[in-house]
Amino acid sequence: MEEQFPAAPGEAHLAPTRFLDSDHPAVRDFAHEAIAGARGERERAVRLFYAVRDGVRYDGLDMTFTPERYTASTVLARRRAYCIPKAILLAASARVVGMPSSLGFGDVVNHIAPPRLLEAMETNVFYWHGNTNLFIEGRWVKATPAFNIEMCRKFNVLPLEFDGVHDSLLHPYDALNNRHMEYVGDHGAFADFPAQQVFDVMRAAYPRFSQLIETGGLEEYMRGPEPIPAQG
Numbered sequence: 001m002e003e004q005f006p007a008a009p010g011e012a013h014l015a016p017t018r019f020l021d022s023d024h025p026a027v028r029d030f031a032h033e034a035i036a037g038a039r040g041e042r043e044r045a046v047r048l049f050y051a052v053r054d055g056v057r058y059d060g061l062d063m064t065f066t067p068e069r070y071t072a073s074t075v076l077a078r079r080r081a082y083c084i085p086k087a088i089l090l091a092a093s094a095r096v097v098g099m100p101s102s103l104g105f106g107d108v109v110n111h112i113a114p115p116r117l118l119e120a121m122e123t124n125v126f127y128w129h130g131n132t133n134l135f136i137e138g139r140w141v142k143a144t145p146a147f148n149i150e151m152c153r154k155f156n157v158l159p160l161e162f163d164g165v166h167d168s169l170l171h172p173y174d175a176l177n178n179r180h181m182e183y184v185g186d187h188g189a190f191a192d193f194p195a196q197q198v199f200d201v202m203r204a205a206y207p208r209f210s211q212l213i214e215t216g217g218l219e220e221y222m223r224g225p226e227p228i229p230a231q232g
């Protein structure tokens, strides 16, 4: 359920859910290993952020409408994901160590997305981009663990850092000072992943792209020279 952000944390921000399965042994082990030796809440949050950011490779083509692929334990097992599953893993990991968390969603314009991807999406607006909200030392802080450091270096993307105090959000410019990400919408915060709502938006906004996802042809399309045929 969407909630007003920021909201005071409650049990819903600490409890395991269908997607934030913080009671899963693998997720628990991952979180505890990440914070080993950390001093204080802020350092624990920072450790978790970097464990997810760099421990799970960003893969913008690893998209699916299969709900089970969005559980934190599955994301951890696969070790590659796009922004929403990585945000889910960070939120679940925070709950393991007693840190309230939620998921935040917004719309962003990607000014340097690959032309082939934009051709499939038919827009440069990425709807329902995901981040994690962490309740640290009495206040909510936004964290975006999407892009791992290796990907950033390869594509001249400025890495997103996190200090547990300031919001970590997508950069407006890349490492070459080209326009990169521009926030254009905010959908609020959620205690669990609103899977059906997000899937419905994607199918409506990206009919061609969604067809490729559902037929398993997205990666092949991104490698090929031919545009996909228009539908209808």
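Numbering (this note's numbering), first residue to last: 1 to 232. Where a beta carbon is used, it is the ideal one built from N, C-alpha and C, also for glycine.
Item checked: Burial state of L61 (16 or more Cβ within 10 Å) -> Residue 61 sits at position 61 when you count from the first residue of the sequence shown. Exposed.
Next item on the list: Below 6 angstroms CB to CB, which residues in the same chain sit around H24 once its five sequence neighbours on both sides are set aside?
Entry: One-based indexing of the sequence shown puts residue 24 at position 24. The answer, listed in chain order, is S73.
Check: How far does the alpha helix (DSSP H) with R44 in it reach, from first residue to last?
Finding: Counted from its first residue, the sequence shown places residue 44 at position 44. Per DSSP, R44 belongs to the alpha helix (DSSP H) from 40-55.
Item checked: Coil, strand or helix - Y58 by DSSP -> Here residue 58 refers to the residue found at position 58 when the sequence shown is read from its first residue. Reduced to three states, the DSSP call for Y58 is strand.
Next item on the list: Return the chain-ordered ranges of every beta strand (DSSP E) run that is complete within the segment 12-41 and spans a minimum of 3 residues.
Entry: If only complete runs of 3 or more residues are kept, the segment 12-41 shows no beta strand (DSSP E) anywhere.
Next item on the list: For R233, write down the residues that DSSP places opposite it in a beta bridge.
Entry: The chain is shown from 1 up to 232; residue 233 falls before or after that span and cannot be answered.
Check: Which residues in the same chain have their Cβ closer than 8 angstroms to the Cβ of P172, if we skip the five residues on either side of it in sequence?
Finding: Along the sequence shown, one-based indexing puts residue 172 at 172. Shown here for P172: same chain residues with a beta carbon closer than 8 angstroms to its own, the five before and five after excluded, namely R179, H180, M181, E182 in chain order.
Item checked: Own chain, CB closer than 7 angstroms to F209, minus 5 neighbours either side, in chain order -> The residue given as residue 209 occupies position 209 in the sequence shown. Only A120, M121 meet the Cβ criterion.
Note to self: Tell me which residues share the same chain as E214 and place their Cβ nearer than 8 angstroms to its Cβ, disregarding the 5 neighbours each side in the sequence.
What the structure shows: Residue numbering aside, residue 214 sits at position 214 when the sequence shown is read from its first letter. The beta carbon of E214 sits closer than 8 angstroms to the beta carbons of F65 from its chain, once the five residues preceding and following it are set aside; these are given in chain order.
Next item on the list: Go through its chain and collect everything with a Cβ distance to E226's Cβ below 8 angstroms, but skip five positions before and after it.
Entry: Here residue 226 is taken as the residue at index 226 of the sequence shown, counted from 1. Because E226 carries a pLDDT of 49, less than 50, the predicted location of this residue cannot be relied on, and the following value inherits that uncertainty. Excluding sequence neighbours, E226 sits near nothing in its chain.
Item checked: Cβ neighbour criterion (16 or more within 10 Å) applied to A146 -> Locating residue 146 in the sequence shown gives position 146, where the first residue counts as 1. By the neighbour-count rule (16 or more Cβ atoms within 10 Å), A146 is buried.
Next item on the list: Could you say which of N124, V75, A94 lies nearest to E33 if we only look at CA atoms?
Entry: One-based indexing of the sequence shown puts residue 33 at position 33. Of the listed residues, the one whose Cα sits closest to E33 is A94.
Note to self: Let me check understanding here. Comparing Cα to Cα, which of I88, L176, F126, R116 lies closest to N133?
What the structure shows: As a working mapping, residue 133 is identified with position 133 in the sequence shown. Closest option to N133, Cα to Cα, is I88.
Item checked: Burial state of H166, where buried means 16 or more other Cβ atoms lie within 10 Å -> Taking the sequence shown and counting its residues from 1, the one referred to as residue 166 is at position 166. Exposed.
Notebook entry, point to check: On the three-state DSSP scale, how would you describe I112?
Noted result: Working through the sequence shown from its first residue, we reach residue 112 at position 112. Note: I112 maps to coil in three-state DSSP.
Check: According to DSSP, is A189 helix, strand or coil?
Finding: On the sequence shown, position 189 is the one that residue 189 refers to. Note: A189 maps to strand in three-state DSSP.
Next item on the list: Can you say whether D21 is buried or exposed, counting buried as having 16 or more other CB atoms within 10 angstroms of its CB?
Entry: Taking the sequence shown and counting its residues from 1, one reaches residue 21 at position 21. Counting Cβ neighbours within 10 Å, D21 comes out buried, since at least 16 surround it.
Next item on the list: Look at the alpha carbon of A31 and the alpha carbon of E11, and state the distance between them as a whole number of angstroms.
Entry: Translated into the one-based positions of the sequence shown, residue 31 becomes position 31. Translated into the one-based positions of the sequence shown, residue 11 becomes position 11. The straight-line gap from Cα to Cα measures roughly 19 angstroms.
Next item on the list: To the nearest angstrom, report how far apart G188 and A195 are at their CA atoms.
Entry: By 1-based counting over the sequence shown, the position of residue 188 is 188. By 1-based counting over the sequence shown, the position of residue 195 is 195. Straight-line Cα distance between these residues: approximately 15 angstroms.
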